[in-house]
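Asks: To start, I am sharing the structure in question, which I have written as structure tokens.
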């Protein structure tokens, strides 16, 4: 907005450009909103994508690893375009176009995301993640001095194949971190 709306640009006199309080507040508000939005989407987008694949289906399991390859590739191509093409546009065409193009592309992405909502697989929540973290911390403190049994079947929470926690799957035992 500060690149294209005249009222948002600081007035310059004799080479000195001092922004008003409102201009400074709008820039910092925008920066905080960017941080909030980025912090909200970054940890969720890859796990949401992974939720769209069924682990028990072998073909979907393969497509899931392909998804992460394409996901990572797309993020890097986006970074390449942002640091080359958009910089050229900002330098040669104008800042308004340099910020306007990504804004339009982002709006298209948001609309297409919401249009596909009916097609997504929705996973049932397995309770509060903070409760689960607290359970792990308490259990690790209580069992800090306990010796690990030689029989790995004693390590499981239950004998069934399914997890006792609704909405999550049981992790198989490995000797990797002994």
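Residue numbers (my numbering): 11 to 188. Where is the CB? At the ideal position from N, CA and C, for every residue including glycine. Since the model is a prediction, treat every value here as computed from it, not as a measurement.
What is the rounded straight-line gap between the Cα of residue 133 and the Cα of residue 147?
Replies: Using only the alpha carbons, I get a separation of about 25 Å.
Asks: If you draw a straight line from the alpha carbon of residue 108 to that of residue 96, how long is it in whole angstroms?
Replies: The alpha-carbon atoms of residue 108 and residue 96 are separated by roughly 6 Å.
Asks: What is the DSSP secondary structure of residue 120, counted as helix, strand or coil?
Replies: DSSP places residue 120 in helix when its eight states are reduced to three.
Asks: Can the beta-carbon of residue 77 be found less than 8 Å from the beta-carbon of residue 59?
Replies: Against a cut-off of 8 Å, the Cβ pair of residue 59 and residue 77 comes out as a contact.
Asks: Just to confirm the assignment, what range does the alpha helix (DSSP H) spanning residue 133 have?
Replies: It is not in any alpha helix (DSSP H) - residue 133 carries neither H nor E in the DSSP assignment.
Asks: Is the beta carbon of residue 131 less than 8 Å from the beta carbon of residue 182?
Replies: No, these two residues do not count as a Cβ contact at 8 Å.
Asks: With respect to the beta strand (DSSP E) encompassing residue 148, which residues constitute its N-terminal and C-terminal limits?
Replies: That residue, residue 148, is in no beta strand (DSSP E); its alpha helix (DSSP H) goes 139 to 152.
Asks: Considering only residues of the same chain and omitting the five flanking positions on each side of residue 74, which have a CB-CB separation below 7 Å?
Replies: For residue 74, where only same-chain residues beyond five positions count, the Cβ hits under 7 Å are 60, 63.
Asks: Rounded to whole angstroms, what is the Cα-Cα separation between residue 57 and residue 152?
Replies: The alpha-carbon atoms of residue 57 and residue 152 are separated by roughly 31 Å.
Asks: Specify the secondary structure class of residue 23 as computed by DSSP and reduced to three states.
Replies: If DSSP states are grouped into helix, strand and coil, residue 23 belongs with the strands.
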